[in-house]
Amino acid sequence: MTSAPLLHVKGLRVGFATEGGELQAVDGVSFDLAPGEVLAIVGESGSGKSVTAQTIIGLTRSPNARIEGSVRLRDTELMNASEAELRRFRGEQIAMVFQDPMTSLNPVYRVGDQIVEAIRAHREKMSNAEARKLAVEMLGSVGIPEPARRVDDYPHEFSGGMRQRAMIAMALALAPDVLIADEPTTALDVTIQAQILDLLGGLNRERNLATILITHDLGVVAEVADRVLVMYAGRVVEEGTLDQIFYDPQHPYTWGLLGSLTRLDRPRPKRLPQIRGAPPSLLDLPTGCSFRPRCPHAFDRCTELPDLAARLEEASEHRDRCWLTPEQKREERGVEGRIGLEEPA
Amino acid sequence: MSGVGEPLLEVTDLVKHFPVKRGLLVDREVDRVRAVDGVSFGVAQGETLGLVGESGSGKSTLCRVVLQLLKPTSGSVRFEGEEIAGLSRRRMRPLRREMQMIFQDPYASLNPRKRVGQIVGEPLRLQGRASGAELRRRVQELLERVGLAPEHYGRYPHEFSGGQRQRVGIARALALRPKLIVADEPVSALDVSIRAQIVNLLDDLQDEFGLTYVFVAHDIGVVRHISDRIAVMHDGKIVEQGPADRVCEQPADPYTKTLLAAVPVPDPRESRAQRTGTAQP
C-alpha cells in the first residue's frame with residue numbers, strides 16, 4: 001500500500017484577510033500520499049478540508065491569502081511554481097473533481113468539446129480528431145453508455161450521475177498521478193453515489209491513482225479510504241489508518257462524529273447521540289484545543305494546544321491532538337458498547 | 346409511539362400531473378410529468394411518517410400537494426376527517442395554522458431583510474393571534490424552546506449558523522401550535538454534528554406538543570431513526586410502506602432493496618466483507 005510518497009505536504013498554513021480580521025483557514029496540515037493510496041480528509045464546513053485541497057493545486061492564491069508550508073509533487077515544490085507551471089501541473093499531474101457536476105460543466109458547450117478542450121490545452125500537438133477519440137475512450141471507461149454518440153450531448157442531456165462521470169473522465173484524460181475529489185458524491189442520489197464510489201475505487205486500483213477524497217460522510221470514507229485525516233477548525237485533530245480511526249479513535253471529536261452516525265443494520269437508539277454546541281468561528285477560536293468548548297471531557301490542560309502526536313506505543317502512524325491519556329480515552333469513549341461522545345459519568 | 350390515535354391525515358389516490366405543453370399560438374399538451382401518481386397513505390395523530398426516495402421521485406411535490414400549496418390533479422386529502430383537496434384559499438386559511446412546513450435550506454427559507462423576531466412572529470401576527478408586547482413575549486418563548494436565546498430576537502438570519510437558522514425555521518413552524526408539520530429534508534443541509542441536535546429537537550417537540558410529522562429525506566438512516574412508519578417513493582408512486590424497522594430490515598419491494606443496499610455502511614470491516622461477498626450475519 002505504501003511506497004515512496006508521491007505527494008508530500010508539510011506544515012501547510014492558509015490565512016485569509018477578511019473584513020472581520022485575519023483568519024487561519026488551515027493551520028499546519030502535513031501528510032504524505034503514495035501511489036494507489038486513498039486518503040480521506042474528513043470534516044465539517046469551516047474545517048479547512050476544501051481549502052487544503054484547493055491550496056495544493058494553487059487555487060487559493062490571492063492577494064488576501066497568506067500561504068505557508070510546502071507541497072512537493074515528486075521533486076517539484078508547487079508552492080514556488082509560477083501560475084504557468086501550475087496550469088501545466090493541474091490536469092497533467094493533479095486533477096480535481098468537484099461536488100456539483102452541473103456548475104463545473106459549461107452548459108452551452110457539448111460535453112465532448114469540453115473534454116477535448118481540456119486535453120488540447122495540455123497536448124498542443126494532438127489533433128482535434130485524436131483528442132476527440134481520447135474523449136470518447138475516456139467517457140467509455142467511466143461507464144457512459146454509447147460514448148461515441150453521447151460525446152456530442154450537452155450537459156443538460158446528462159443525468160447528475162453521468163455529469164459526474166464526465167467530470168471524472170475529463171479529470172483523468174491526461175492520466176494524472178493524483179486525483180483530488182472534493183465531495184464528489186454529495187450532490188448525488190445514494191444509488192448513484194454507490195456507482196461513482198465503485199468507479200473511483202476501480203480507477204484507483206487500475207491506474208494506481210493516488211486519491212485525496214474530501215468528504216463529511218464517514219460512510220463514504222469507510223467504503224473507499226485507506227487512511228483518514230480528521231480536521232476541525234483548520235487543524236488536523238486525528239490521523240490514522242481507516243481501521244484505527246473507526247475502531248480505536250483517539251480524539252473526542254472523532255468519537256462524536258462516529259457516534260452520531262445512523263446504522264441501518266443496528267437497533268436504533270432512543271436518541272441520536274449528538275455533539276453539543278456548534279463549530280467555532282475561525283475569527284474567534286478558543287485558546288488551546290478548538291474542540292474544548294464542545295468537549296464533555298475537557299480539563300485544565302486543554303487550554304494549552306496539544307500537538308498532533310503519536311500517543312499510542314503500538315501505532316506510530318496514529319496521531320491525535322488530545323491531552324487525555326490513551327487509557328482515559330478508551331475508558332471514556334464507550335457509550336453503551338459503541339463509540340460516542342457522552343458526558344462522563 | 347406507533348399507531349397512536351385517529352388518522353390526522355388521510356391521503357387517497359392523490360395525483361399531481363404537470364402538463365408538458367408545446368405550440369405556437371395554442372398550447373397543446375404533448376405529454377405530462379406524473380410527479381405524484383396515485384398515492385395513498387394515512388398518518389395517525391402523534392405519529393411520524395418518513396417519506397424516502399431519490400431526487401425526482403415526487404416526494405417534495407407530494408408534500409406541497411398535501412398542504413394544498415399545489416392543486417392536486419385528482420384524489421383526496423382529508424385532514425381530521427375533512428376534505429381539503431381543492432378548497433379555496435379563503436377556506437384553507439383557518440386550516441393553515443394547523444399544518445406547517447419546515448424547509449430544507451435554512452439559508453433560502455428565511456427572509457434576509459427581516460429580524461428573527463419578525464420572522465417567527467409573522468404567523469402569529471398574520472393570524473391575529475398576538476401583537477405588541479404579547480407577541481414579543483411569545484416569540485421569545487418559542488426561541489428559547491428551540492434552543493435559541495431570547496436576545497436573538499433582534500438579529501438577522503445572516504448572523505446565525507445553518508443549525509441555528511433551522512431552529513428559527515422550526516420556531517416559525519411551531520408558532521401557531523400546528524397539529525401537523527411537514528418537514529422537507531430539514532437536516533440535509535446541516536453539518537453532521539448539528540444534524541443529530543435538530544433531529545433530537547424535533548423528537549422532543551413532538552413529545553411536548555403531540556405533533557404529527559411527515560418527515561421527508563433522502564437519508565434513510567435519519568428517516569428510520571425518527572419515523573414510526575416509512576413510505577418509499579419511486580417515480581411518483583409509493584412502492585412500499587410499513588413500520589420503520591420492518592421496511593429497513595426486511596424490505597419487500599425490489600426498489601427499496603436497491604435503495605437500502607446503496608447506503609454506505611460506516612463500518613470498514615463490514616463494507617470489506619460486503620465487497621468480498623462474505624457478508625456477516
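The listed protein sequences correspond, in order, to chains A and B. Terminal number for the first sequence in my numbering: 345, no gaps in between. Terminal number for the second sequence in my numbering: 626, no gaps in between. Quick reminder that beta carbons are idealized off the backbone N, C-alpha and C, glycines included. Just so we're clear, the structure is a prediction, and the values are computed from it rather than from any experiment.
The beta strand (DSSP E) with G383(B) in it runs from where to where?
For the purposes of this step, residue 383(B) is taken as residue 38 along the second sequence, with counting starting at 1. Per DSSP, G383(B) belongs to the beta strand (DSSP E) from R373 to A389.
Roughly how many whole angstroms lie between the Cα atoms of Q413(B) and V381(B)?
For the purposes of this step, residue 413(B) is taken as the residue at position 68 of the second sequence. For the purposes of this step, residue 381(B) is taken as the residue at position 36 of the second sequence. Using only the alpha carbons, I get a separation of about 14 Å.
Here's the rule I'm using: 16 or more other beta-carbon atoms within 10 Å means buried, otherwise exposed. How should L370(B) be labelled?
Along the second sequence, one-based indexing puts residue 370(B) at 25. Label assigned to L370(B): exposed.
Who are the Cβ neighbours of A607(B) in its own chain at under 6 Å, not counting the five residues just before and after it?
Taking the first residue of the second sequence as position 1, residue 607(B) is located at position 262. None.
From the DSSP output, in three-state form, read off T357(B) for me.
Translated into positions along the second sequence, residue 357(B) becomes position 12. Three-state DSSP puts T357(B) in a strand.
Could you please give the first and the last residue of the uninterrupted alpha helix (DSSP H) stretch that includes L122(A)?
Here residue 122(A) refers to the residue found at position 122 of the first sequence. It is worth fixing the name first, because residue 122(A) is His in this sequence and not Leu. From DSSP, the alpha helix (DSSP H) with H122(A) extends over V111 to H122.
Closer than 7 Å, Cβ to Cβ, to anything on chain A: give me those residues from the region 368 to 401 of chain B, in chain order.
Under the 7 Å Cβ criterion, the region 368 to 401 of chain B contributes E399 and S400.
Can you pull out the residues from the region 218 to 238 of chain A whose beta carbon lies closer than 7 Å to at least one beta carbon of chain B?
L218, G219, V220, A222 and E223
Rounded to whole angstroms, what's the CA-CA distance from L354(B) to M444(B)? Just pull it up for me.
Taking the first residue of the second sequence as 1, we reach residue 354(B) at position 9. Taking the first residue of the second sequence as 1, we reach residue 444(B) at position 99. Separation of L354(B) and M444(B) (C-alpha to C-alpha, rounded to the nearest whole angstrom) is 10 Å.
With a threshold of 8 Å between beta carbons, is G256(A) in contact with chain B?
In the first sequence, counting from the first residue as 1, residue 256(A) sits at position 256. Residue contact check for G256(A) against chain B: a CB pair falls below 8 Å.
Please decide whether I515(B) counts as near chain A, where near means a Cβ-Cβ distance under 8 Å.
Counting from one through the second sequence, the residue named residue 515(B) turns up at place 170. No, its Cβ sits nowhere closer than 8 Å to a Cβ of chain A.
Hey, could you find the ends of the beta strand (DSSP E) E486(B) is sitting in?
As a working note, residue 486(B) is residue 141 in the second sequence. Careful: E486(B) lies outside any beta strand (DSSP E), inside the alpha helix (DSSP H) at G477 to R490.
Could you pull the start and end residues of the beta strand (DSSP E) that T52(A) belongs to?
Your numbering for residue 52(A) matches position 52 in the first sequence. It is not in any beta strand (DSSP E) - T52(A) instead sits in the alpha helix (DSSP H) that spans K49 to I56.
Measuring straight from C-alpha to C-alpha, what distance separates P35(A) and H8(A)?
In the first sequence, counting from the first residue as 1, residue 35(A) sits at position 35. In the first sequence, counting from the first residue as 1, residue 8(A) sits at position 8. When rounded, the distance between both Cα atoms is 12 Å.
Mind checking if T2(A) is an interface residue toward chain B, Cβ cutoff 8 Å exclusive?
Working through the first sequence from its first residue, we reach residue 2(A) at position 2. Legend: pLDDT at T2(A) = 45, less than 50; position of this residue unreliable, value from coordinates given subsequently. Chain B contact via Cβ: absent.
Under the three-state reduction of DSSP, which class applies to Y154(A): helix, strand or coil?
The count along the first sequence starts at 1 and reaches residue 154(A) at position 154. Coil.
Taking 7 Å as the limit between beta carbons, can you name the residues of its chain near V220(A), skipping five residues before and five after?
Working through the first sequence from its first residue, we reach residue 220(A) at position 220. The residues are T185 and L197.
Just to confirm before moving on: does the CB-CB distance between G387(B) and M578(B) stay below 8 Å?
For the purposes of this step, residue 387(B) is identified with residue 42 of the second sequence, where counting begins at 1. For the purposes of this step, residue 578(B) is identified with residue 233 of the second sequence, where counting begins at 1. With contacts defined by Cβ atoms closer than 8 Å, G387(B) and M578(B) do not form a contacting pair.
Mapping DSSP to helix, strand and coil, what is D243(A)?
Position 243 of the first sequence, counting from 1, holds the residue named residue 243(A). Residue state, collapsed to three classes: helix.
Using a Cβ cut-off of 8 Å, which residues of the region 38 to 58 of chain A contact any Cβ in chain C, in chain order?
This model lacks chain C altogether; the protein chains it does include are A and B.
Residue ranges of each beta strand (DSSP E) run of no fewer than 3 residues wholly in the region 170 to 196 of chain A, ordered along the chain?
178 to 182
Who pairs with P352(B) in a beta bridge, going by DSSP?
The residue given as residue 352(B) occupies position 7 in the second sequence. In DSSP, P352(B) forms a bridge with A389(B).
Among E342(A), D100(A), I94(A) and L203(A), which has the Cα closest to the Cα of G140(A)?
What you label residue 140(A) is simply residue 140 of the first sequence in a count that begins at 1. Nearest option by C-alpha distance: L203(A).
Express the C-alpha separation of D189(A) and S400(B) in angstroms, rounding to a whole number.
Start at 1 with the first residue of the second sequence, and residue 400(B) comes out as number 55. Start at 1 with the first residue of the first sequence, and residue 189(A) comes out as number 189. Computed Cα separation, rounded: 7 Å.
With which residues is A210(A) paired in a DSSP beta bridge?
Counted from its first residue, the first sequence places residue 210(A) at position 210. According to DSSP, A210(A) bridges with V178(A).
With a threshold of 8 Å between beta-carbons, can I575(B) be considered close to chain A, or not?
Against the second sequence, residue 575(B) aligns to sequence position 230. No, I575(B) lies away from the interface with chain A (no Cβ there is under 8 Å from its Cβ).
Let me know the secondary structure DSSP gives L604(B) once reduced to three states.
In the second sequence, counting from the first residue as 1, residue 604(B) sits at position 259. In this structure, L604(B) counts as helix in the three-state DSSP scheme.
Which runs of the alpha helix (DSSP H) at least 4 residues long sit entirely within the region 396 to 450 of chain B? Give them in chain order.
For the region 396 to 450 of chain B, whole alpha helix (DSSP H) runs of length 4 or above, ordered along the chain, are 404 to 411 and 434 to 441.
Should V559(B) be flagged as near chain A, meaning a C-beta pair shorter than 8 Å?
Walking along the second sequence from the start, residue 559(B) turns up at place 214. Chain A, which has no Cβ nearer than 8 Å to the Cβ of V559(B), makes this no.
Could you check if Q625(B) is buried or exposed, using at least 16 other CB atoms within 10 Å of its CB as the buried criterion?
One-based indexing of the second sequence puts residue 625(B) at position 280. Note on Q625(B): pLDDT 44, under 50, position unreliable in the model; no value is reported.
Whole angstroms are fine: how far does the CA of T393(B) sit from the CA of D612(B)?
Indexing the second sequence from 1 puts residue 612(B) at position 267. Indexing the second sequence from 1 puts residue 393(B) at position 48. Looking at the two C-alpha atoms, the distance is approximately 28 Å.
Check the Cβ-Cβ distances between F158(A) and every residue of chain B, and say whether any is below 8 Å.
Counting from 1 along the first sequence, the entry for residue 158(A) is found at position 158. It does not: the Cβ of F158(A) has no partner Cβ on chain B nearer than 8 Å.
For a contact defined as C-beta to C-beta under 7 Å, what are the partners of L605(B) on chain A?
For the purposes of this step, residue 605(B) is identified with residue 260 of the second sequence, where counting begins at 1. Correct list: L264.
Using 8 Å as the limit for Cβ to Cβ distance, is P273(A) near chain B?
Residue mapping note: residue 273(A) aligns to position 273 of the first sequence, counting from 1. Yes, P273(A) counts as interfacial toward chain B.
List the DSSP bridge partners of G334(A).
Translated into positions along the first sequence, residue 334(A) becomes position 334. DSSP, once it has assigned bridges, lists I339(A) as partnering G334(A).
What is the DSSP secondary structure of E585(B), reduced to helix, strand or coil?
Looking up residue 585(B) in the second sequence gives position 240. DSSP places E585(B) in strand when its eight states are reduced to three.
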